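Only one structure is covered here, and it is reproduced in the block below.
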Amino acid sequence: DILEVIYRISSLKGTTSKQLDRIRKDKATKRGSFDNNLFLISTED
1 DILEVIYRIS SLKGTTSKQL DRIRKDKATK RGSFDNNLFL ISTED
């Protein structure tokens, strides 16, 4: 259901599902992904 909502929002913004997947893969390459179930909770300055 969540994925359907994301696809619908991207469609309304004029982005295809292929473009959305490319964006997701690019971000995962540059910033990492949640493959290891690790989340950044906070940072200190």
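Sequential numbering of the sequence shown, starting at 1, is according to this note's numbering.
Heads up, the beta-carbon is just placed ideally off N, CA and C, and yes, glycines get one too.
Values in this document were obtained by computation on a predicted structure and should not be read as measured data.
Distance between beta carbons of Ser33 and Leu20, contact taken as under 8 angstroms: Working through the sequence shown from its first residue, we reach residue 20 at position 20. Working through the sequence shown from its first residue, we reach residue 33 at position 33. About 15 angstroms; that fails the 8 angstroms criterion.
Element boundaries [alpha helix (DSSP H), containing Gly26]: Mapped onto the sequence shown, residue 26 falls at position 26. Just to set this straight, residue 26 is Asp in the shown sequence, not Gly. Per DSSP, Asp26 belongs to the alpha helix (DSSP H) from 17-31.
Euclidean distance between Cα positions of Asp1 and Ser17: Stepping through the sequence shown from its first residue, residue 1 is reached at position 1. Stepping through the sequence shown from its first residue, residue 17 is reached at position 17. Those two C-alpha atoms are separated by around 15 angstroms.
Residue from Ser42, Tyr7, Leu40 with nearest C-alpha to Ile23: Taking the first residue of the sequence shown as position 1, residue 23 is located at position 23. The option with the nearest alpha carbon to Ile23 is Tyr7.
Residue interval of the alpha helix (DSSP H) (run including Glu4): Reading the sequence shown from its first residue, position 4 is the one you call residue 4. Where Glu4 is concerned, the enclosing alpha helix (DSSP H) stretches over 2-12.
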